[in-house]
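Engineer: For the sequence shown, the working numbering assigns the number -5 to the initial residue and increments by one for each residue that follows.
Backbone N, C-alpha and C define an ideal beta-carbon position, used for all residues, glycine too.
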Amino acid sequence: MTATDLFQAPAPGNAPDLPDAQTVLSVRHWDDRLFSFRVTRSGSFRFRSGEFVMIGLPGDNGKPILRAYSIASPFWDEELEFYSIKVPDGPLTSRLQNIRPGDRIIVKTKPTGTLVHDALLPGKRLWMLSTGTGVAPFASLMREPESYEKYDQVFLTQTCRNVSELAYGQHLAERLAEDPLVGAEAAQKFRRYATTTRETSPHMGRITDLIENGRLFDDLDVPPLDPAVDRVMICGSMALNMDLKRILETRGFTEGANSQPGDYVIERAFVG
Ligand code: A2P
-5 MTATDLFQAP APGNAPDLPD AQTVLSVRHW DDRLFSFRVT RSGSFRFRSG
45 EFVMIGLPGD NGKPILRAYS IASPFWDEEL EFYSIKVPDG PLTSRLQNIR
95 PGDRIIVKTK PTGTLVHDAL LPGKRLWMLS TGTGVAPFAS LMREPESYEK
145 YDQVFLTQTC RNVSELAYGQ HLAERLAEDP LVGAEAAQKF RRYATTTRET
195 SPHMGRITDL IENGRLFDDL DVPPLDPAVD RVMICGSMAL NMDLKRILET
245 RGFTEGANSQ PGDYVIERAF VG
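Below, the structure is given as structure tokens:
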């Protein structure tokens, strides 16, 4: 039996014993580099919106190939959603991008992460700053009721090189008003600000520059970042994370963690 055979939907009666396996329900390709997919959720699996989990496929030698993926759906959703880049020669994503409904993938059962409400002190405005696939934990948090219970305003920024990379975030934002749990509140409180750096779009530039030159706040018509009222969650490349950390700390923000809530948090799980 090959790894591929093993991960076909198991036939009744002869299903191999696959701990942590879930069934793919749907797959959507956003462009030639990005896709999202939904899988079944085990009834006993619990996580906090914004956390990540290890997911993967069995390798040829039987050893699973696992990577950390943010769960892009909220804790209350009956299914799990993930958002992924396709790396042509990537050990996992070169294969994961070919999954179809009915296939089985591994979803480990120990979620963790720092992009959670528990790691932030109370505030008035929540900023979720992302680049590329870093939008995934915020796809969860934008559908999390606590985001709207705890904050008067919720901002999601996403910066990508090209316009097509913004499609997933745009789709999520457009669908948000119809969300059964948070739709009404999100319609009042949620705003998305998307920028590109290498292709023309309505808003252009790196988020770091747009914070420092004040353009972000001018465009949204809100006051600049202030640790007295703002709380910030960051998910992007190592360089972006470090640049935003410096910008925020210069403005008096302190980093939070699950054990000690603060003014901002960074997810470090996805950077090399
Ligand atoms: P840029 O095109 O100017 O490099 P990547 O695809 O390399 O992960 O980058 C995703 C987005 O994040 C791009 O728009 C990129 O802008 C931007 N970016 C990369 N590094 C930084 C950084 N240190 N600070 C702010 N934005 C960054």
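Going by alpha carbons, who is nearest to VAL157 out of SER20, VAL21, ASP14 and ASP25?
Structural biologist: As a working note, residue 157 is residue 163 in the sequence shown. When each option's Cα is compared against that of VAL157, the closest is ASP25.
Engineer: Taking ALA180 as part of the beta strand (DSSP E), name the residues at either end of that continuous run.
Structural biologist: Here residue 180 is taken as the residue at index 186 of the sequence shown, counted from 1. Run containing ALA180: none in the beta strand (DSSP E); it sits in the alpha helix (DSSP H), 177 to 183.
Engineer: Please report the Cβ distance between ALA130 and GLN164, rounded to the nearest whole angstrom; I am assuming they are in contact, meaning their Cβ atoms lie under 8 Å.
Structural biologist: What you label residue 130 is simply residue 136 of the sequence shown in a count that begins at 1. What you label residue 164 is simply residue 170 of the sequence shown in a count that begins at 1. Their Cβ separation, rounded to whole angstroms, is 14 Å, which puts ALA130 and GLN164 out of contact at 8 Å.
Engineer: Could you check which residue in LEU204, PHE41 and ARG89 has the C-alpha nearest to that of PRO58?
Structural biologist: The sequence position of residue 58 within the sequence shown is 64, counting from 1. Ranking the options by Cα distance to PRO58, first place goes to ARG89.
Engineer: Could you tell me the distance, in whole angstroms, from the CA atom of LEU60 to the CA atom of ARG245?
Structural biologist: Taking the first residue of the sequence shown as position 1, residue 60 is located at position 66. Taking the first residue of the sequence shown as position 1, residue 245 is located at position 251. Looking at the two C-alpha atoms, the distance is approximately 38 Å.
Engineer: What residues sit near the ligand A2P, counting only those whose C-beta is closer than 7 Å to one of its heavy atoms, in chain order?
Structural biologist: Answer in sequence order: THR125, GLY126, THR153, CYS154, ARG155, THR190, THR191, ARG192, ARG200, ILE201, THR202, GLY230, SER231, ALA233, LEU234 and ASP237.
Engineer: Output the boundary residues of the beta strand (DSSP E) element that contains ALA62.
Structural biologist: Here the question's residue 62 lines up with position 68 in the sequence shown. Note, ALA62: beta strand (DSSP E), 58 to 64.
Engineer: Spell out a yes or no on whether the stretch 194 to 206 and the stretch 232 to 246 are touching, meaning 3 or more CB-CB pairs, one atom from each, closer than 8 Å.
Structural biologist: Judged by Cβ distances under 8 Å, the stretch 194 to 206 makes contact with the stretch 232 to 246, as three or more pairs qualify.
Engineer: Indicate the three-state DSSP secondary structure (helix, strand or coil) for MET236 in the structure shown.
Structural biologist: As a first step, residue 236 must be located in the sequence shown, where it is residue number 242. Correct three-state label for MET236: helix.
Engineer: Under three-state DSSP, which class holds ASP212?
Structural biologist: Within the sequence shown, residue 212 is the residue found at index 218, counting from 1. ASP212: helix per DSSP, three-state reduction.
Engineer: Would you kindly check if the distance between the Cβ of LYS102 and the Cβ of GLN91 is under 8 Å?
Structural biologist: As a working note, residue 91 is residue 97 in the sequence shown. As a working note, residue 102 is residue 108 in the sequence shown. Not in contact: GLN91 and LYS102 (Cβ atoms no closer than 8 Å).
Engineer: Taking Cβ positions, are TYR46 and GLY117 nearer each other than 8 Å?
Structural biologist: Numbered from 1 along the sequence shown, position 52 holds the residue referred to as residue 46. Numbered from 1 along the sequence shown, position 123 holds the residue referred to as residue 117. The residue asked about is misnamed: residue 46 is Phe in this sequence, not Tyr. No.
Engineer: Going straight from the alpha carbon of GLY126 to that of GLU159, what length do you get?
Structural biologist: The residue given as residue 126 occupies position 132 in the sequence shown. The residue given as residue 159 occupies position 165 in the sequence shown. Roughly 7 Å separates the two Cα atoms.
Engineer: Three Cβ pairs or more, each shorter than 8 Å: is that satisfied between the stretch 171 to 188 and the stretch 48 to 57?
Structural biologist: No, the stretch 171 to 188 is not in contact with the stretch 48 to 57.
Engineer: Under the rule that 16 or more other beta-carbon atoms within 10 Å means buried, what is ASP237, buried or exposed?
Structural biologist: Looking up residue 237 in the sequence shown gives position 243. That one is buried.
Engineer: PHE252: buried (16+ other C-beta within 10 angstroms of its C-beta) or exposed?
Structural biologist: As a position in the sequence shown, residue 252 is number 258, starting the count at 1. The residue asked about is misnamed: residue 252 is Asn in this sequence, not Phe. Under this definition ASN252 is an exposed residue.
Engineer: If I follow the unbroken alpha helix (DSSP H) through ARG89, where does it start and stop?
Structural biologist: Locating residue 89 in the sequence shown gives position 95, counting from the first residue. Run containing ARG89: 87 to 90, per the alpha helix (DSSP H) assignment.
Engineer: Based on Cα-Cα distance, which residue from THR153, PHE211 and VAL176 lies nearest to THR194?
Structural biologist: Indexing the sequence shown from 1 puts residue 194 at position 200. That would be THR153, whose Cα lies nearest to the Cα of THR194.
Engineer: According to the neighbour-count rule (16 or more other Cβ atoms, all chains shown, within 10 Å of its Cβ), is ARG155 buried or exposed?
Structural biologist: If you number the sequence shown from 1, residue 155 lands on position 161. Exposed, by the Cβ-count rule.
Engineer: So, are the CB atoms of PHE149 and LEU214 less than 8 Å apart?
Structural biologist: The count along the sequence shown starts at 1 and reaches residue 149 at position 155. The count along the sequence shown starts at 1 and reaches residue 214 at position 220. Contact: yes.
Engineer: Sorted by chain position, which residues of the same chain lie with C-beta nearer than 7 Å to ASP173's C-beta, five sequence neighbours on each side aside?
Structural biologist: Reading the sequence shown from its first residue, position 179 is the one you call residue 173. Around ASP173: ARG137 and ALA180.
Engineer: Should VAL21 and GLY96 be called a contact, given that it needs their Cβ atoms to be closer than 8 Å?
Structural biologist: Along the sequence shown, read from residue 1 onward, the residue named residue 21 stands at position 27. Along the sequence shown, read from residue 1 onward, the residue named residue 96 stands at position 102. Cβ distance not < 8 Å, so VAL21 and GLY96 don't count as in contact.
Engineer: With C-beta atoms as the reference, is LEU114 less than 8 Å away from PRO217?
Structural biologist: Position 120 of the sequence shown, counted from the first residue, corresponds to residue 114. Position 223 of the sequence shown, counted from the first residue, corresponds to residue 217. Their beta carbons are not under 8 Å apart, which means LEU114 does not touch PRO217 by this criterion.
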